[in-house]
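What follows is a short report on a single structure.
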Amino acid sequence: MNIHLLPKIIPNEDTNQYWQNISKGNLTIQRCFKCNEIWAYPQKVCCNCLSTDIENINCRGNGVIYSFTIILRAPTPEFSEKIPYAIGIIELDEGCKIMAEIIGPLSEIKIDKRVSIVYSKLDDVLVFPKFRI
Ligand SMILES: [Zn+2]
């Protein structure tokens, strides 16, 4: 896959720390001090109570497959070499969900199957979290 043709992810003030942590092999999630809500993607406010009193916490990177789909048709021409592949929602052991690619034999991907994080280097800067069965 020619990564230079893929849509660019440009870390900003809100996401820069998240991408830096992932590039060091550390997926971080966020927790609200006020209501204890936990979520996977960096935000400035709690998605439950809108509090700004939140913290980043380290994620162990383990969970189960909550849902998944097998991609058989490339969403854009840049993905044509990659198909078929699996995209799923992983329920992390910490209690929140994250969408990511699932790596492994497609026939073995099942709901509730245990997965562990794999840090996939996309280029010199960006690393993506994927999950292996
Ligand atoms: Zn909250």
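Residues in the sequence shown are numbered from 165 upward in steps of one, following my numbering. By construction, the Cβ of each residue, glycine as well, lies at the ideal position given by its N, Cα and C atoms.
Going by the C-beta, is residue i closer than 7 angstroms to any heavy atom of ligand 1?
{"i": "residue 201", "result": "yes"}
{"i": "residue 188", "result": "no"}
{"i": "residue 210", "result": "yes"}
{"i": "residue 260", "result": "no"}
{"i": "residue 285", "result": "no"}
{"i": "residue 277", "result": "no"}
{"i": "residue 223", "result": "no"}
{"i": "residue 246", "result": "no"}
{"i": "residue 172", "result": "no"}
What are the boundary residues of the beta strand (DSSP E) that residue i is part of?
{"i": "residue 249", "result": "249–256"}
{"i": "residue 264", "result": "261–267"}
Could you please give the first and the last residue of the uninterrupted alpha helix (DSSP H) stretch that includes residue i?
{"i": "residue 184", "result": "180–187"}
Under 8 angstroms, do residue i and residue j count as touching if we go by C-beta distance?
{"i": "residue 261", "j": "residue 267", "result": "no"}
{"i": "residue 291", "j": "residue 186", "result": "yes"}
{"i": "residue 179", "j": "residue 206", "result": "yes"}
{"i": "residue 265", "j": "residue 285", "result": "no"}
{"i": "residue 212", "j": "residue 199", "result": "yes"}
{"i": "residue 259", "j": "residue 202", "result": "yes"}
{"i": "residue 238", "j": "residue 244", "result": "yes"}
{"i": "residue 275", "j": "residue 297", "result": "no"}
TODO: Tell me, please, whether the stretch 273–280 touches the stretch 225–240 by the rule of three or more beta-carbon pairs shorter than 8 angstroms.
DONE: yes
Task: Three-pair Cβ contact test at 8 angstroms for the stretch 237–250 versus the stretch 185–199 - done: no
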